[in-house]
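Per UniProt numbering: the sequence shown = residues 1 to 391.
The C-beta atom is built at its ideal place from N, Cα and C for all residues, glycine as well.
Computed from a predicted model, the values in this text were never measured in an experiment.
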Amino acid sequence: ASAAPASFCPNDGVCFEWGVPEASAKAGSGDIFFQLKAPTSWQWIGLGIGSQMVGSQMFIMYQDGKGNVTLSTRPGANHVMPTYKARSDVELLAGSGVVDGNMVANVRCGNCTNLDLTGKASWISAWKSGDSLDSTNPAAAITQHDGMTQFQVNLAQASISSDANPFDGSKSDSSNDGDGSGSNSGDSSGDDSDGDGDSDGDSAVSGVTDGSSDQTLVSAHGILMSVIFVIMYPLGSSLMPLLGKWYIHASWQTIAFLGMWAGLGLGVTIAKRENEFFGQAHSRLGVILVALISLQPIFGLIHHVNYLKTQRRGIFGHLHCWYGRALMIIGIVNGGLGMQLGNVATRYIIAYSVVAGVTTLFYLASIALGWSRTGRNRRQSKQVESMAPSS
Numbered sequence: 001a002s003a004a005p006a007s008f009c010p011n012d013g014v015c016f017e018w019g020v021p022e023a024s025a026k027a028g029s030g031d032i033f034f035q036l037k038a039p040t041s042w043q044w045i046g047l048g049i050g051s052q053m054v055g056s057q058m059f060i061m062y063q064d065g066k067g068n069v070t071l072s073t074r075p076g077a078n079h080v081m082p083t084y085k086a087r088s089d090v091e092l093l094a095g096s097g098v099v100d101g102n103m104v105a106n107v108r109c110g111n112c113t114n115l116d117l118t119g120k121a122s123w124i125s126a127w128k129s130g131d132s133l134d135s136t137n138p139a140a141a142i143t144q145h146d147g148m149t150q151f152q153v154n155l156a157q158a159s160i161s162s163d164a165n166p167f168d169g170s171k172s173d174s175s176n177d178g179d180g181s182g183s184n185s186g187d188s189s190g191d192d193s194d195g196d197g198d199s200d201g202d203s204a205v206s207g208v209t210d211g212s213s214d215q216t217l218v219s220a221h222g223i224l225m226s227v228i229f230v231i232m233y234p235l236g237s238s239l240m241p242l243l244g245k246w247y248i249h250a251s252w253q254t255i256a257f258l259g260m261w262a263g264l265g266l267g268v269t270i271a272k273r274e275n276e277f278f279g280q281a282h283s284r285l286g287v288i289l290v291a292l293i294s295l296q297p298i299f300g301l302i303h304h305v306n307y308l309k310t311q312r313r314g315i316f317g318h319l320h321c322w323y324g325r326a327l328m329i330i331g332i333v334n335g336g337l338g339m340q341l342g343n344v345a346t347r348y349i350i351a352y353s354v355v356a357g358v359t360t361l362f363y364l365a366s367i368a369l370g371w372s373r374t375g376r377n378r379r380q381s382k383q384v385e386s387m388a389p390s391s
């Protein structure tokens with residue numbers, strides 16, 4: 001078989017290559033071959049059939065800790081890390097393994113669907129840097145990718161003459177029986193060693209979209225909303241009992257309020273790009289929460305006007321206070337739902353929980369101080385009134 005001409009390198013050293021036997025192309029179905037190749041500095045590499053993660057057929061490669069690689073077949077899920085599902089039509093071929101600092105997986109798929117074997121087909125890829133998983137378990141847990149890309153491959157330009165592994169250039173010397181323990185390099189022509197994604201002039205790949213910008217938006221949304229609900233709103237609420245200056249409290253919360261709307265805008269943008277707006281608990285609760293918080297400035301203004309007249313905390317004063325506290329709690333909980341949705345690393349969940357705990361304790365302490373100060377002021381007022389001469 002001739003070497004497959006269709007190749008693509010979306011990131012430095014991360015390369016993919018495809019080969020479609022002429023018989024499969026004529027029949028419109030059958031075997032298709034592809035190769036995943038990447039330096040061992042990457043924790044895992046993924047290649048998927050489809051235009052997005054949801055509904056895709058994914059193939060994940062990582063080191064097995066024994067000088068070889070593990071190939072894990074996983075159906076794409078909606079904002080949940082994909083889990084292993086065995087496929088009898090997928091085979092890891094000769095030439096696969098860890099060679100010269102690279103992980104290589106040569107794959108045969110006998111029933112890969114949603115592919116036009118004589119035209120363009122949509123693919124996605126993703127990668128994660130970090131320590132090797134060192135696992136022979138195809139169901140090993142993986143964490144969220146560092147980067148991803150979407151693209152199309154014209155499989156008509158990946159034609160090979162026979163239905164055989166096009167990536168194993170030294171079959172006679174190979175001791176690999178196709179179980180991922182190969183000793184061959186798995187090198188193939190057309191690799192884009194500079195990692196610029198141009199594949200050295202290979203025109204088979206088109207429509208390349210870098211998914212890193214979406215990940216940046218997700219990170220910005222998560223960080224901004226965490227700061228708003230875990231730090232700014234609780235601290236801003238503490239300013240009244242601590243300082244007793246309404247204008248400082250109002251100014252601080254106004255900044256947080258505007259930041260919240262910016263965070264919502266990022267979230268809506270992300271959700272619409274992925275066709276998931278109002279499609280799961282985090283986004284639904286987030287939109288409702290922001291709408292409810294929009295009433296807070298109104299309650300606060302009414303309370304302030306009434307307080308200037310009566311020097312007492314009326315109904316709107318209590319409403320503004322307790323309504324705000326309830327919404328802050330819901331906001332912190334929704335942040336947790338967002339982290340679960342994004343499948344973030346455990347260290348970030350711990351950091352979020354610790355900061356939320358500290359600010360909550362600080363806020364409770366400020367409330368206790370405020371109650372103590374209010375009680376003391378009332379007692380002093382009564383003493384002054386009792387000492388005043390009667391008319």
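List the endpoints of the continuous alpha helix (DSSP H) containing residue i.
| i | result |
| --- | --- |
| M260 | 246-273 |
| S24 | 22-27 |
Looking at residue i: is its Cβ nearer than 8 Å to the Cβ of residue j?
| i | j | result |
| --- | --- | --- |
| A156 | G119 | yes |
| V104 | L92 | no |
| F151 | F8 | yes |
| T40 | G101 | yes |
| I228 | G263 | yes |
| G222 | G342 | yes |
| G30 | D134 | no |
| V90 | T73 | yes |
| S237 | G324 | yes |
| G335 | S226 | yes |
| I32 | C112 | yes |
| L235 | L292 | no |
| S125 | L217 | no |
| G265 | S283 | no |
| residue 400 | T209 | Since the first and last residues shown for the chain are 1 and 391, residue 400 lies out of range. |
| N11 | G130 | no |
| N137 | I49 | no |
| Q63 | V98 | yes |
Name the residue from the options whose alpha carbon lies nearest to the alpha carbon of residue i.
| i | options | result |
| --- | --- | --- |
| G211 | G30, W123, T40 | W123 |
| L117 | A23, L364, T310, V14 | A23 |
| C321 | W127, V20, P82, Y233 | Y233 |
| Y352 | G342, I332, N343 | I332 |
| A271 | G286, H249, I298 | G286 |
| T269 | R87, D214, A141, G300 | D214 |
| L295 | R313, Q253, F277 | Q253 |
| V230 | G76, P82, Y363, F33 | Y363 |
| L319 | L308, T310, K309, L301 | L301 |
| W127 | D163, G207, W42 | W42 |
| S162 | P21, H249, T310 | P21 |
| residue 469 | V205, T374, A291, F299 | Any property of residue 469 remains undetermined from this structure, which presents the chain solely from 1 to 391. |
| K245 | H304, L292, I160, M339 | H304 |
| residue 394 | A77, M61, N114, A281 | The shown model of the chain, from 1 to 391, leaves out residue 394, and the question about it has no answer. |
| K26 | A38, A141, S159 | S159 |
| S203 | T209, V153, Y247 | V153 |
| F299 | T310, A250, R284 | A250 |
| A38 | V354, K85, G338, S132 | S132 |
| M81 | V98, V54, L361 | V54 |
| T360 | I329, T149, G338, I248 | I329 |
| A256 | A281, L224, Y307, F16 | L224 |
Counting along the chain, where does the beta strand (DSSP E) carrying residue i start and finish?
| i | result |
| --- | --- |
| Y233 | Per DSSP, Y233 belongs to no beta strand (DSSP E); it is in the alpha helix (DSSP H), 233-243. |
| R74 | 69-75 |
| Y62 | 57-63 |
| F33 | 32-39 |
| G207 | 205-210 |
| I142 | Premise fails: I142 is in no beta strand (DSSP E) and is neither H nor E. |
| A164 | Premise fails: A164 is in no beta strand (DSSP E) and is neither H nor E. |
| C109 | 102-109 |
| V98 | 97-99 |
| S125 | 120-129 |
| A6 | 6-11 |
| T113 | T113 -> no beta strand (DSSP E), and no H or E assigned at all. |
| residue 392 | The question about residue 392 has no answer, for the chain in this structure spans 1 to 391. |
| I228 | First-last for I228: undefined, no H or E at that position. |
| G48 | 42-49 |
| I90 | The residue you asked about is not Ile; residue 90 is Val in the sequence shown. Here the beta strand (DSSP E) through V90 covers 90-92. |
Hey, does residue i have any beta-carbon neighbour from chain B nearer than 8 Å?
| i | result |
| --- | --- |
| L239 | Absent from the structure: chain B. Only one protein chain is present. |
Cβ of residue i versus every heavy atom of the ligand MN: is any distance shorter than 7 Å?
| i | result |
| --- | --- |
| G338 | What this structure holds is no ligand at all, so the ligand MN is not there to describe. |
Exercise for the section: Just list the alpha helix (DSSP H) runs in the region 262-334, keeping only unbroken ones of 4 residues or longer that don't cross its boundaries, in chain order. Expected result: You should have 281-293, 296-310.
Problem - Three CB pairs or more closer than 8 Å across the region 364-374 and the region 235-254 - result: Enough Cβ pairs lie closer than 8 Å, so yes.
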